[in-house]
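Numbering (this note's numbering), first residue to last: 2 to 370.
Input: a single structure, listed below in structure tokens.
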């Protein structure tokens, strides 16, 4: 989840540190901090952390330490928003120039692409020095590496476009650079899309080829998710209901072609769904978002045979983006230990979220230019 709890200058806040401590106290095995930018120039939102020179290392160390309470792991999800970089504080750039309704970006130069492995390596090393337990490379959800993998958004004719192997090339180079920086024992994961949920986007056949290519790298686990935040794309995260885990069938196919452990993300709402995915071999672990926002102690409770499932709220005609904003503001309440008093509607949450973003854009521009 993009918790949007940074201070607007790329640093952790007290509420963010407390949020991940609460999940660790609640029994989570691994918490992923999304989004954590390798550069301040292409953020997803102004509430992102920035794992780069000038970061408040004391605050990062506190986040790493308290987020690993009870032996839990906490990893930053390292990313670059690419064409989806937040325009008020960025000039978006993707693999290729785009000019579609609601989205316009420049294309990256070859030199800019070749700079990516070093920036990810530096961010991973900084995370390691701060005391985090591993890193996750974000190649899903329509952000930069997801854009490279998608034929809908990667129209390059050089070494980084064309076949699946060529579209994957920069990801492989980043993995190699990160591994060289952190050494053989430090965990590296990667999140990929099973589908973009866009016509002309990455197909299941291509996504399985990406899994095959990842099997030849030094990554330690693969997290399977899907969907994008491109204008007009169907958003799983802003739906009003779930029909169960989203990508189980794809994960079963992926398990046959890789020896890497698989995490399955998306749509898990009940203990039985999670247990079924583990028992039938769909995944080696399951990743929860909304459910852990509704109950930060859910992991411990699901270890009890008498534990129940979270009660998901039902909203009547929420505004576009309102449900995602509602859960985002609930995360803020959790980080401030005041969730019992959280009573915003999706419309109110969206207004609060957007006002906070506007304030942090001003801070971001002052800090990073």
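Note that the Cβ used here is the ideal one computed from N, Cα and C, for glycine as well.
For residue 270, the secondary structure class from DSSP, reduced to helix, strand or coil, is coil. No Cβ-Cβ contact shorter than 8 Å links residue 58 with residue 13. Residues of the same chain with a CB within less than 8 Å of the CB of residue 316, apart from the 5 flanking positions on each side, are 241, 323, 324, 327, 346, 347 in chain order.
Taken in chain order, the complete alpha helix (DSSP H) segments of 4 residues or longer contained in the stretch 195 to 228 are 205 to 216.
Taking residue 368 as reference, the option from 9, 4, 3 with the minimal CA-CA separation is 9. According to DSSP, residue pairing for residue 3 in a beta bridge involves 35. Cα atoms of residue 54 and residue 134: separation of roughly 20 Å, rounded to the nearest angstrom. Fewer than three Cβ pairs drawn from the stretch 158 to 171 and the stretch 182 to 195 lie within less than 8 Å of each other, which leaves the two stretches out of contact. For residue 106 and residue 92, the gap between their C-alpha atoms comes out near 7 Å. Within its own chain, the residues whose Cβ lies closer than 6 Å to the Cβ of residue 253, once the five positions on either side in sequence are excluded, are 283, listed in chain order.
Here residue 176 really is in contact with residue 220; their C-beta atoms are around 6 Å apart, less than 8 Å. With distances taken between CA atoms, residue 268 lies nearest to 227 out of 308, 227, 296.
With a 10 Å radius around the Cβ and a threshold of 16 neighbouring Cβ atoms, residue 307 comes out exposed. Taking 8 Å as the cut-off, the beta carbon of residue 6 is found no closer than this to the beta carbon of residue 245. Per DSSP, the continuous alpha helix (DSSP H) segment holding residue 330 begins and ends at 323 to 336. When beta bridges are read from the DSSP output, residue 100 appears opposite 105.
A Cβ-Cβ separation of about 27 Å leaves residue 160 out of contact with residue 52 under the 8 Å criterion.
For a cut-off of 8 Å, the C-beta gap from residue 287 to residue 304 is around 13 Å, too long to register as a contact. Closest in C-alpha terms to residue 23, from the list 248, 71, 48, comes 71. Under DSSP, residue 76 forms a beta bridge with 33.
For residue 140, the three-state secondary structure derived from DSSP is strand.
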